[in-house]
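In UniProt numbering, the protein residues as written are 1 to 898. This report concerns only the one structure given below.
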Amino acid sequence: MVKSGMFIVHSIVSINILFILFCVPCVSRRSDGWVGLGCCELAMSVECRRECKQAASKNDITKICKKDAEVSHIFLGSTCCSYAGRHTTCREYCQAIFRTDSSPTVSQINAVKDYCQSHSTQLIGCVGNYTKSYPIRNPIDSLYCCDRAEDAHCQVACRRILRTLSTEQEIMEGLIEQCRSQPLPQDPMWQCFLGSAQPPAKPHEEPLPPAKMDRAKLHCCSKANTSLCRDMCQKVSTNWGSQTWQEFHQLCEYNVVETQLIACLADVREPCQLGCTGLSYCSNFNNRPTELFRSCSVQSDQGAMNDIKLWSNGTIKMPFMNIPVLHIRKCQPEMWTAVACALQIKPCHSKSRGSVICKSDCVDILTQCGDLKRFHQGQTPERICELLSPVDDPESCIPLHRYLNPSSLAHSARGEVTHPCNPNPCPSNHLCQVNRKGCPDDFNCQPFFCVPGCKLGDASDFLVPMDTRLQVPVLSPGAGGQADCFEVCVCGASGRLEDCKEMPCVDTSKACVVGGQRKSHGTPFRVDCHPCSCFAGETICSSRQCYSPDSSDQERQRFTGLPCGCPDHFVPVCATNGRTYPSACVARCMGFKDHQFVYGHCRLNEPCSSKPCQRNQRCVPKRRVCLSDATDFPCRQYECVVRPAGCDSQLDPVCDTDGVVHTNLCKLHQSGKALAYMGQCQEDCRKPQPVCGQNSETYNSVCEAFSDRVAVDYEGPCHAVGAGADYAVGSGCDLVACPPPSHPHCVPVTPPGACCPVCASVLRVLWNREQMNVFAKLDRDRPVTVQDVLQILRLHVSVPQCDLFGYLSIDHELVVVIAHLDDRPTRLQVEACSKEAEKMDSLINYGSPTLVSHAPLSSFLSAETRVPVLHPSGATACSPPSLLSVLLLLGLLLSSIM
1 MVKSGMFIVH SIVSINILFI LFCVPCVSRR SDGWVGLGCC ELAMSVECRR
51 ECKQAASKND ITKICKKDAE VSHIFLGSTC CSYAGRHTTC REYCQAIFRT
101 DSSPTVSQIN AVKDYCQSHS TQLIGCVGNY TKSYPIRNPI DSLYCCDRAE
151 DAHCQVACRR ILRTLSTEQE IMEGLIEQCR SQPLPQDPMW QCFLGSAQPP
201 AKPHEEPLPP AKMDRAKLHC CSKANTSLCR DMCQKVSTNW GSQTWQEFHQ
251 LCEYNVVETQ LIACLADVRE PCQLGCTGLS YCSNFNNRPT ELFRSCSVQS
301 DQGAMNDIKL WSNGTIKMPF MNIPVLHIRK CQPEMWTAVA CALQIKPCHS
351 KSRGSVICKS DCVDILTQCG DLKRFHQGQT PERICELLSP VDDPESCIPL
401 HRYLNPSSLA HSARGEVTHP CNPNPCPSNH LCQVNRKGCP DDFNCQPFFC
451 VPGCKLGDAS DFLVPMDTRL QVPVLSPGAG GQADCFEVCV CGASGRLEDC
501 KEMPCVDTSK ACVVGGQRKS HGTPFRVDCH PCSCFAGETI CSSRQCYSPD
551 SSDQERQRFT GLPCGCPDHF VPVCATNGRT YPSACVARCM GFKDHQFVYG
601 HCRLNEPCSS KPCQRNQRCV PKRRVCLSDA TDFPCRQYEC VVRPAGCDSQ
651 LDPVCDTDGV VHTNLCKLHQ SGKALAYMGQ CQEDCRKPQP VCGQNSETYN
701 SVCEAFSDRV AVDYEGPCHA VGAGADYAVG SGCDLVACPP PSHPHCVPVT
751 PPGACCPVCA SVLRVLWNRE QMNVFAKLDR DRPVTVQDVL QILRLHVSVP
801 QCDLFGYLSI DHELVVVIAH LDDRPTRLQV EACSKEAEKM DSLINYGSPT
851 LVSHAPLSSF LSAETRVPVL HPSGATACSP PSLLSVLLLL GLLLSSIM
């Protein structure tokens with residue numbers, strides 16, 4: 001665990017080298033004076049700042065920020081403020097001068113003089129020439145800043161002082177005395193006076209939000225191990241633009257005990273994504289469709305080239321040391337290029353999410369190319385690399401030799417695995433989603449959709465899709481300022497979070513004691529074969545049936561792998577949560593009373609036979625399996641709909657029982673037809689051809705199974721139940737005819753409760769029922785279903801050649817299957833789907849905001865993942881596909897348009 005934490009910490013050190021070297025100076029030695037992110041903060045408008053960060057050159061930003069004044073602010077400000085060097089406070093006050101098009105205040109001008117005089121006379125002169133062109137602003141123009149004061153007495157006194165006093169000195173002294181606070185930039189009121197806040201919008205403009213907050217980063221603050229870093233994280237997340245970020249950067253982002261916090265923040269800034277393409281300088285990183293990268297972009301490509309230029313002066317400057325080097329253009333130039341590109345493009349491992357270079361490579365390059373004569377006393381390549389790259393495990397670090405040559409897949413594998421959303425083709429306020437539904441006009445069909453989204457806070461670039469229910473953290477003074485209080489909001493049509501409702505706070509200080517050992521909140525662990533997690537002092541474990549190696553031969557023969565040791569007889573019952581269990585014994589073991597289940601498959605029950613709807617409504621069967629408590633939140637298997645007067649034209653095709661396709665579900669209801677399954681109608685599904693799903697439910701066709709997001713287990717009606725454990729001896733599955741694996745060299749995986757192994761990845765997710773109940777209650781008592789969760793998870797599968805399916809296991813874990821969409825997949829496609837599963841496993845186990853921002857998914861506690869193993873054989877011949885394989889392919893093709 002220590003080593004695992006170390007390389008995550010030092011990967012962030014490496015990642016931040018770019019920021020220290022480029023964004024602080026803001027201006028490079030390039031002819032056009034453009035570097036990127038640091039300069040963008042000087043733009044006046046939010047839109048220009050955002051688009052500026054995505055620009056590759058000065059010419060690009062000139063196209064984006066069309067006003068000449070806007071562009072001149074950016075480049076004049078970047079020139080002046082670059083003289084601040086590494087003096088953060090000086091630079092912040094300098095940037096405040098250029099961040100607005102109104103007159104600079106005396107406070108702003110004096111702040112620059114006070115904090116920059118001793119650092120750079122050039123900066124003072126540059127700013128002075130600019131400010132002389134503006135008249136001094138009237139103090140009354142800053143009345144809006146008084147509203148930022150936290151104390152009511154200070155607010156009143158502030159307004160009175162600005163109206164009655166005239167000189168800058170009088171106003172400053174009056175505010176210090178009445179508000180009992182010093183003019184520090186992290187104080188919201190003083191931050192406003194000193195220029196980091198913007199004035200109120202004009203009447204015809206949309207009003208600016210009252211506070212700048214990044215709730216995505218605030219999600220991460222609860223992961224801090226030290227109270228110092230937790231408090232500083234909250235300040236950075238709620239007082240965007242203050243100098244606190246620099247202190248946080250130095251004290252926390254390099255702290256070995258803050259690995260979880262660091263990894264979480266990295267996910268917020270730049271989530272790991274499969275594939276990389278379109279790079280010109282770092283071209284060896286292209287065409288690697290099964291590798292993960294954090295920052296595959298034109299900007300990162302340019303940044304790597306700029307790194308090499310700076311390092312060519314003989315010194316690599318870092319926040320806590322300078323490394324003297326020989327001429328890197330002559331000493332192993334290919335290795336240095338790989339180093340710069342790795343730091344910028346940031347390859348990351350699916351489990352660790354780290355981006356650190358392997359120690360052996362670090363030692364090798366510094367031994368050969370470090371300028372040992374200029375090393376400080378005590379410095380050696382080994383000691384430097386122990387700080388920067390303490391690991392040498394190829395599963396946990398980046399081996400540079402991998403990127404010394406172009407990918408071998410450059411031509412042979414083109415098209416096998418694609419990444420339509422990487423790089424992001426959508427506008428900055430939209431999310432990219434893989435197109436799995438097709439298009440009405442196939443002549444102009446894109447492989448992706450751009451959907452509008454909401455930011456998690458006014459200072460956040462983290463987007464979530466519109467209409468999504470979100471769990472967002474709030475600061476609760478009653479909880480000691482800890483980010484363990486949340487509210488559930490909806491991403492509204494306005495592009496902002498709306499309809500927010502408070503959730504019960506979670507006491508993260510409570511620990512669990514297991515076997516005499518203390519487990520803190522959020523810690524995963526095992527008890528026997530059970531995956532467990534500590535949640536606010538409560539130990540939550542799975543209900544798996546454990547196999548004891550000390551069992552007698554007779555006990556081992558009786559072990560079925562089913563809950564409570566139930567026999568493997570298949571006499572299905574349907575419980576009130578909508579799940580079919582293989583027997584009454586299993587249903588009782590999972591907590592259902594005899595009156596809470598009936599014999600038979602759930603899908604064979606007719607939910608509308610009792611006529612539960614009103615006369616003016618139509619009862620429509622709606623099969624679902626509920627994760628929230630079915631007693632408190634009834635899991636109805638129908639819905640009552642009124643024939644709609646009109647429907648929108650949104651494409652979400654559905655097939656009726658007559659084999660006719662409708663544009664969407666609304667239009668199907670409007671026509672009075674019955675739903676057969678979601679997606680385009682398939683000719684081979686017109687006649688019933690029963691199949692058994694991996695959830696032990698019988699479906700009329702493979703199309704119906706995939707409409708329910710369930711993969712097919714075997715042909716025909718369900719007649720056997722598979723074990724939940726891998727080591728059960730014999731079961732009814734022995735009589736099931738399973739197809740061969742889809743890839744001839746695949747060692748497949750058997751999903752829990754299913755009979756047939758598949759060449760696909762399987763995740764078993766432990767979740768918190770009480771949290772699911774909270775979300776159901778806040779959603780007007782609407783139950784949380786397996787289908788709800790799977791539809792959200794599916795959005796995180798970025799490779800169109802892979803898709804996601806799942807079900808609730810008989811021992812109440814959520815089973816997620818990520819499979820390829822081909823009956824004869826290539827090795828590359830299988831590997832890509834496995835990488836998608838490992839990526840999702842990491843997001844769940846680390847509690848990444850990428851997932852836990854979605855309200856139902858924040859109930860996930862931990863995940864275990866099994867991926868198929870491919871033998872290294874070069875043979876590619878496949879067995880002729882069986883009937884089931886053909887059916888599976890049909891269903892997979894169907895899923896690609898759903």
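Every residue gets a Cβ at the ideal spot worked out from N, C-alpha and C, and that includes glycine.
Distance between residue j and residue i (C-alpha atoms, nearest Å)
i	j	result
L766	G275	29 angstroms
C341	P741	39 angstroms
Y599	E498	44 angstroms
residue 931	D214	The requested residue 931 does not occur in the structure, where the chain is confined to residues 1 to 898.
P752	C718	15 angstroms
W311	P333	11 angstroms
Q650	Q446	16 angstroms
L251	I345	25 angstroms
C585	A725	17 angstroms
T315	D392	25 angstroms
Q433	E836	15 angstroms
R618	K673	11 angstroms
G806	T290	23 angstroms
K455	C296	22 angstroms
L562	E502	39 angstroms
G515	D187	47 angstroms
C534	Y846	14 angstroms
V112	C192	15 angstroms
Close beta carbons around residue i, own chain, < 7 angstroms, minus the five adjacent residues each side
i	result
D713	C692, G693, Q694, A754, C755 and C756
A84	C90, R91, C94, C116, H119, S120 and L123
Contacting residues, own chain, Cβ-Cβ under 6 angstroms from residue i (five flanking each side not counted)
i	result
Q155	C146 and A149
A760	V817 and A819
F592	A575
S336	According to the sequence displayed, residue 336 carries Trp and not Ser. I328.
K223	Q260, L261 and C264
T471	For the record, residue 471 in the displayed sequence is Gln; it is not Thr. The answer, listed in chain order, is F486, V488, A855 and S858.
P406	N284
P783	C626, S628, F633, C635 and A776
V762	V749, P751, V817 and R866
Test item: CB-CB of residue i and residue j under 8 angstroms
i	j	result
K839	C272	yes
P825	H745	no
R603	R624	no
S701	Q689	yes
Y248	V488	Here the sequence assigns Phe to residue 248, which means Tyr is not the residue at that position. Not in contact: F248 and V488 (Cβ atoms no closer than 8 angstroms).
C491	G453	yes
H419	S798	yes
C512	C529	no
T560	A723	yes
A737	E704	no
I323	I384	yes
C647	Q680	no
L828	E416	yes
V721	F570	yes
Spatial neighbours of residue i in its chain, beta-carbon cut-off 8 angstroms, leaving aside the 5 residues before and after
i	result
Q614	C640
F448	P420, C421, P425, C426, C432, Q433, V434 and N435
V852	H219, Q471, S858 and F860
Nearest-angstrom Cβ-Cβ length linking residue i and residue j, presumed shorter than 8 angstroms
i	j	result
E813	S520	About 23 angstroms; that fails the 8 angstroms criterion.
I357	L400	6 angstroms
Any non-hydrogen atom of the ligand ZN within 7 angstroms of residue i CB
i	result
G716	As far as ligands go, the structure on display features none, and thus does not contain the ligand ZN.
Problem set entry | Inter-stretch contact at 8 angstroms, needing at least 3 Cβ pairs: the segment 769-782 / the segment 617-629 | yes
Exercise. Quick check: the segment 787-798 against the segment 731-742, are there 3 or more CB pairs under 8 angstroms?
Worked result: As far as the Cβ criterion goes, the segment 787-798 does not touch the segment 731-742, which means the pair count is below three.
For this session: Answer yes if the segment 415-432 comes into contact with the segment 451-463, meaning at least three C-beta pairs across the two stretches below 8 angstroms, and no otherwise.
Result: yes
For this session: Kindly confirm or deny that the segment 860-873 and the segment 791-806 touch, where touching means at least three C-beta pairs closer than 8 angstroms.
Result: no
For this session: State whether the segment 680-689 contacts the segment 653-672, with contact taken as three or more CB pairs (one from each stretch) at a distance under 8 angstroms.
Result: Output reads yes: the segment 653-672 touches the segment 680-689.
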